[in-house]
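So in the numbering used here, spot 809 of the sequence shown is number 904, and the numbers just go up one at a time.
Just so it is clear, CB atoms sit at the ideal spot from N, CA and C, and this is done for glycine as well.
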Amino acid sequence: MKFAYINNQPFEIQEGETILSFIRRYKGKDLVPTLCDAPNLDPFGACRVCSVDVALEENGKTKTMASCHMPVVEGQYIYPDSKAIKKLRKNIIELVLTDHPLDCLTCEVNGNCELQTVAAQVGIRDVRYPEGENHLNREKDFSHPYMTSDLSKCINCYRCVRACDEVQGEFVLSMAGRGFDAQIIKGNNQSFMESDCVSCGACAQACPTSAISDIFQSKSIGATDITRTICTYCGVGCNLEVSTSGGEILSIQAPYDAEVNQGHTCLKGRYAFSFYDHPDRLRSPMIKRNGEFEEVSWDEVYDYIAEKLTNYKRQYGPDSIAGISSSRCTNEENYLMQKFFRAVIGTNNIDGCARVCHSPTALGMQRTFGTGAATNSIDDLKDTNCIMVIGANPTDAHPVTGAKLRQFAMKQDNVTIVIDPRRTELARHADYHLALRPGTNVALLNMMMYYIISEGLADEEFIANRTKGYETYKEAILGVDLDKMESICGVEKSLVRKAAMAYASAPNAMSFHGLGVTEHSQGTFTVMQIADLAMLTGNIGRRGVGVNPLRGQNNVQGSADMGVQPHQGAGYLDITKPEINQRYNDFYGVDVPKEIGYKIPEMFDAALAGQLRAIWIIGEDVVQTDPNTQKVIKALQATDLVIVQELFMTETAKYADVILPGASFLEKSGTFTNGERRVQAVRQVVEPLEGTKPDGQIIVDIMNRMGYDQPDYTPEGMLEEISQIVPFFSGITWENLGINGKQWPVAKDGTDTKILHTEEFKIGKGVFAYFDFEESQEILNHGKDYPYILTTNRELEHYNCGAMTRRTANHQILSDDYLMINPKDASDNGINEGDFVCVESPRGKVDVKARITDEVKAGVLSTTFHFPDIMVNNITSDVHDSEAMCPEYKVVAVRIRKSKGKYKQLAEA
Ligand code: SF4
């Protein structure tokens, strides 16, 4: 054991800790005040307030050191509160205050200002120095809808600059000037709005005063309650602390002790909450009569639904009814929705939005490994040497994980491979960017695997011990025609080889994939190839490796876990197997069906064929977000009863016969499961708006109304039921989730699992499988007449159909969809920046504004789909993944011309 001394008393030291953390471990937080130190930032040593005296012998000659960044050393004698040190600290703060407005009483952070606290701690009563030149008249910046600055209150601690660099990795803030002229600037000395700020708020949270803040009362002491919950916007699953007063939400901050996000969020999680009480919220159940929605009571709407569904079931059979559940909803609500369809209606016609995003991931990983979920955790980035990011733009779509990936990519010794048609933000930092033609992942990955095997980099031991099917697979891979693959995917062989070598020779390599993998006609096969690549190189079953899908919606993992799939019930159990069927029958007390139900596209086909009488859609705007909009609309019109449970009158809700007003994540409790299998507690922050109900309550009410008695709805009670039927939830209880949740599978004793497949795969041995590249039917059928390939993408500011984010100030930051077009294509078609481009596919036309950029190659276009006035899905196709039926959003054959915006105007009319 090694010891150092605090005021001559010995204490054991820990390897690698600083003097400050050593003192705080034994003496608490208050003995040594700090200003430039922050929990999620590296030690910096700028303010010197944390200075302590250090000697090499008891009461020996001392040296003053900034304790925050000095390592504690065996045998040191530390004097943290000597007279001299106290005087020094007081002097430092006094000097700071000579150039700080003394307007505490009217300052936003009064009572919660770190400078104010430290000034009181060190005993400042007045400032002895005469008033001199200062910076008290610096201009305030109110240019941004969320971020504000008043740099007259800046104390030059650099916390904002470091948060921007070390946490977000954006490098927008910096210190300009020297000495007295030193000041924080944004970008090239611009305003927040003009700069490249991504509005994550890390700087505002880091700032110890109100020099940088936000428009909310983030740092005020006005809150009466703080509730910890989980963000609703993406599968990262950031923890949020929501401050409220009198039932009103004041602000959101990020807790530093959150394992997922360590004090960080993106602008959606931190700032985009004002949708929850927006005037547009649906506040009453409604039934459409004579083409008009009429507000009705909950009793009336329940009776109406129960009677209609009972009649359809009796007259046309249970399979004439279908449901689409929501990945925005909790596990408990998704579990209930599938239970309703299976146990009350008697059909497996239940599906969810995973169908249009990661269904190929679940299926592909199940086929190769036996489990359709991330094998590792994001924290494993600390122990990996190489990342391969394929078909994902995490800095926009999964921003907090994206920031961590970017931090990884910027470090010199790390290797980053990005496989993406677009030069994404991460691609800019990558060592290898393989900008392939959309739809050719299979060709490129076969090339990578060819090089790994032919160059002798396959992990023969792992393959022999843990896998099967290798010999056949190897023979097929070595038969790949490299020249042909090169011309198909448009990436030079030599570059593919280098990337393959880098991945295979890294001691630890992790892969991350997104919708650029799954939303293709060969999506499931590509997922299986990524899994093959991990097995081929032994990158599975330990820390710092694995296959890690970046899940889109906040609870898309959970909705599939809960059985929102037509072929697997709760817990991914195969509903066609008699023993599983018996298990469900016993558990639900009724006979549940054994036949696989409709997937979402099959629901629409059934509707158009006159075989679907009723559909109940929760929190999913299929008209705006599913492909081939006009077909979706016709399918809804062909269905007798369309029930839509929503927050807003979405494009889909407009086609409803019945509207049920649900509650947002801020108004209910339950659990979400993030992309790393982490089940986390969502805690109710405010009461549901008057007239609305939590979605789980609505489902239970309708179950009871239809004669399937359910106990009162409580998230705790539902979680208890889930733990009895979903094997990997068996050890989860509401109480033991704690603040950071648990990663499934969770054993009965509550032990959770950070890494899957450490000893063996769920199916015993991992299965190698080879797939030939096949050109998409979209290109084969239409490529000649529609020579450009349109692919879709997301923007940081908006989430999916945008129903929530468009009703926040995010709309002021980004208010339109746009089309990325290469300068050559723009010039060939006479298109200038900002022009409307008529994008035409075999399904229709839309007008989108041009953004000319070399982020896309010539021949490739990319657009977002957040705004209903564009309705990009009018032109996407219903070609889908051959296995999981995920739509091929990423390959749309189109032609383009300059337009006057006629189709946009028509859409808006
Ligand atoms: Fe929410 Fe995702 Fe942003 Fe985190 S990264 S705050 S989970 S949207």
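Same chain, Cβ closer than 7 Å to Ala525, five either side skipped, listed in chain order: Ala504, Thr511, Ile512, Val513
message: Check for me: the alpha helix (DSSP H) holding Asn406 runs from which residue to which?
response: 393 to 411
field: Buried versus exposed, by CB contacts within 10 Å (16 or more), Ile416
entry: buried
message: Tell me which residues share the same chain as Val42 and place their Cβ nearer than 7 Å to its Cβ, disregarding the 5 neighbours each side in the sequence.
response: The first residue shown for the chain is 96 and the last is 1004, placing residue 42 beyond what the model contains.
query: Which residues mark the beginning and the end of the alpha helix (DSSP H) in which Phe388 is found?
result: Counting along the chain, Phe388 falls outside any alpha helix (DSSP H), though it belongs to the beta strand (DSSP E) covering 387 to 390.
- request: Evaluate Ala599 with the Cβ neighbour count: other Cβ atoms within 10 Å of its Cβ, from every protein chain shown; 16 or more gives buried, anything less gives exposed.
  value: buried
CA nearest to the CA of Gln278, picked from Val591, Asn251, Tyr883, Val986: Asn251
message: Looking only at its chain, what residues have a beta carbon closer than 7 Å to the beta carbon of Ser994, apart from the 5 residues adjacent to it on each side?
response: Phe931, Val932, Cys933, Asp942
field: Val331: CB within 7 Å of a non-hydrogen atom of the ligand SF4
entry: yes
Other residues of its chain near Arg518: CB distance less than 6 Å, five sequence neighbours each side excluded: Glu950
message: Could you compute how far the alpha carbon of Thr903 sits from the alpha carbon of Ala945?
response: 25 Å
- request: Please determine, among Val144, Arg273, Arg257, the residue with the shortest C-alpha to C-alpha distance to Ala214.
  value: Val144
- prompt: My guess is that Gly770 and Gly218 are in contact by the Cβ rule of under 8 Å, so how many angstroms apart are they, rounded?
  reply: Rounded, the Cβ-Cβ distance is 49 Å, inconsistent with contact.
field: Segment limits, beta strand (DSSP E) that includes Asn643
entry: 641 to 644
message: Which residues does DSSP list as the beta-bridge partners of Ile325?
response: Asn334
- prompt: Would you call the region 646 to 654 and the region 569 to 579 in contact, with 3 or more CB pairs under 8 Å?
  reply: no
query: Which value, in whole angstroms, describes the spacing of the CA atoms of Gln263 and Asn135?
result: 11 Å
- prompt: Trp711 bridges to which residues according to DSSP?
  reply: Gly418, Ile738
- request: Might you give, ordered along the chain, the residues of its own chain that have their beta carbon closer than 6 Å to the beta carbon of Ile675, omitting 5 neighbours on each side?
  value: Leu668, Asp669
task: Please report the Cβ distance between Met813 and Leu431, rounded to the nearest whole angstrom; I am assuming they are in contact, meaning their Cβ atoms lie under 8 Å.
output: 7 Å
query: Nearest-angstrom Cα distance between Gln312 and Phe370?
result: 17 Å
- prompt: Going by DSSP, which residues form a beta bridge with Gly664?
  reply: Leu668
query: What are the complete alpha helix (DSSP H) segments, minimum 4 residues, inside the region 472 to 544?
result: 489 to 492, 494 to 505, 520 to 524
Cβ contact (3+ pairs, closer than 8 Å) linking the region 786 to 800 and the region 750 to 767: yes
- prompt: Using CA coordinates, which residue listed in Ala979, Gly939, Cys981 is at the minimum distance from Arg990?
  reply: Gly939
- prompt: Would you report the Cα separation of Ile325 and Asp656, rounded to the nearest angstrom?
  reply: 18 Å
- prompt: Under the rule that 16 or more other beta-carbon atoms within 10 Å means buried, what is Ser315, buried or exposed?
  reply: buried
task: May I ask you to verify whether the region 617 to 625 touches the region 973 to 993, counting CB pairs closer than 8 Å and requiring at least 3?
output: yes
- request: Identify every residue that forms a DSSP beta bridge with Gln348.
  value: Glu336
Secondary structure of His195, DSSP reduced to three states: coil
- request: Identify which residue in Ile827, Ala306, Gln872 has its Cα closest to the Cα of Asn426.
  value: Ile827
field: Ile712, buried or exposed, once every other Cβ within 10 Å from all chains shown has been counted against 16
entry: buried
message: To the nearest angstrom, how far is the alpha carbon of Ala898 from that of Val777?
response: 21 Å
field: Beta-carbon contacts of Val495 that lie in its chain and below 7 Å, excluding the five residues immediately before and after
entry: Val331, Cys333, Asn356, His359, Thr360, Cys361
- prompt: Which residue from Ile321, Arg561, Arg220 puts its Cα closest to that of Glu854?
  reply: Arg561
query: Roughly how many angstroms lie between the CA atoms of Glu890 and Leu707, to the nearest whole one?
result: 35 Å
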